[in-house]
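Be aware that the sequence shown starts at 19, since it is given in this note's numbering, and climbs by one per residue. No residue lacks a Cβ here, since even glycine has one placed at the ideal position from N, Cα and C. None of the values given here were measured: they were computed from a predicted structure.
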Amino acid sequence: MSLFHADVLHKDPVIYLKTQNITETIKEKQVEKKQVSGMVYKNIMTVSNNEPAIAAPTTTIIESIKNMAGNSSKKLIIADPGTKRLEAIVTSTDIISFMGGEKNQLVENHFKGNFLAAANAEIRNIMQENVISLSRHSRIEDAIQIMTAENIGSVPIVDEKNCVCGICTEKDFLKYVSSTSTNIPVSQYMSKRVKKAESKTTIENAARIMFDNKIRRLPVIKDSILLGVITASNMVGYIAEHAFENVVTGNFHEAFSAPIGSLINRDITWASSETDLAEAAQIMRNDDVSSLPVMDDGVLRGIITERDILRAISE
């Protein structure tokens with residue numbers, strides 16, 4: 019059935035042209051939606067990283083951190099060095115906990131505040147042993163469902179013998195969203211209550227703020243002006259490259275006394291509250307970032323992350 023009566027179309031060709039354009043747009047959106055929905059039925063190995071960063075449980079904490087930083091990875095799989103049998107996982111959140119959370123007890127209590135000694139302890143001291151994994155025969159939708167249900171940013175992929183053959187992360191799904199148009203503004207999925215920190219805040223205190231608030235990103239401000247966003251990955255990179263520069267006595271607090279403003283080394287990449295989720299995903303991919311501050315008229319309104327976009331896919 020036509021959207022308009024025939025004689026109306028005859029009298030007003032502009033309406034007919036607009037109707038054609040609307041119909042074509044609807045068809046395009048339907049194709050895009052089918053492409054994204056069809057994606058979830060593919061095998062998980064089509065999107066996973068088949069050469070993930072792996073370390074043995076006897077690897078030192080500092081070498082593990084350097085491994086993560088060197089591979090630009092927020093996750094480090096802990097596996098048997100011979101068989102690659104999955105044993106545990108370490109995330110950037112675990113490193114934040116080591117710096118300013120419950121896993122910091124290893125530094126303060128066991129090593130009496132000696133960061134140098136603690137950093138050379140085995141990674142088994144801070145790794146997560148209860149790891150959720152998926153079979154290599156699983157589908158993409160299985161990963162999306164389990165990651166959103168368990169609120170985790172990655173899932174290792176294993177074979178029939180529980181040997182690691184890949185890892186699937188939130189970032190792996192960005193390309194599917196960025197290739198379409200959702201007609202959903204980021205304001206619908208962004209976090210509106212954003213914890214911020216002054217640029218003079220020490221790295222140690224920033225890590226504590228992130229751990230206490232269960233966040234991996236912290237906007238940095240100076241005189242109410244947004245300077246940038248530091249992430250758990252920035253913290254990992256700092257330890258790998260600079261943490262020992264400020265250490266004189268070996269004390270933990272010396273290592274992380276620098277201000278967080280010193281970690282900001284790039285221009286701000288941002289989105290407005292009306293930016294389409296797909297466009298936001300594309301910006302993240304192009305700029306290799308895991309989140310975007312959401313700004314309207316120079317005012318920080320929220321933050322949109324890879325996990326928010328994964329949540330949008332799951333719904």
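query                                                                                       : result
Secondary structure of Ile-335, DSSP reduced to three states                                : This structure gives no information on residue 335, because the portion of the chain shown stretches from 19 to 333.
Where Ser-280 falls: helix, strand or coil (DSSP)                                           : helix
CA-to-CA distance, Arg-154 to Ile-185, given in whole angstroms                             : 10 Å
Bounding residues of the alpha helix (DSSP H) (the contiguous stretch that carries Ala-261) : Taken as a continuous stretch (DSSP letters only), Ala-261 belongs to no alpha helix (DSSP H), as it is neither H nor E.
Candidates Glu-105, Ser-66, Leu-318 and Lys-189, of which the one nearest Ile-335 by Cα     : Absent from the structure is residue 335, since the part of the chain shown begins at 19 and ends at 333.
Ser-217 versus Lys-210, Ser-242 and Tyr-207, residue with shortest Cα-Cα distance           : Ser-242
Inter-residue Cα distance where the pair is Val-176 and Lys-240                             : 46 Å
6 Å Cβ shell around Asn-201 - same chain, five flanking residues per side excluded          : none
Exposure label - Thr-267; buried when at least 16 CB within 10 Å                            : exposed
Sub-8 Å separation of Ile-336 and Ile-95 beta-carbons                                       : What is shown of the chain runs 19 to 333, which leaves residue 336 out entirely.
Where Glu-324 falls, given that 16 or more other Cβ within 10 Å makes a residue buried      : buried
Buried or exposed (CB count within 10 angstroms, at least 16 for buried), Lys-334           : This structure gives no information on residue 334, because the portion of the chain shown stretches from 19 to 333.
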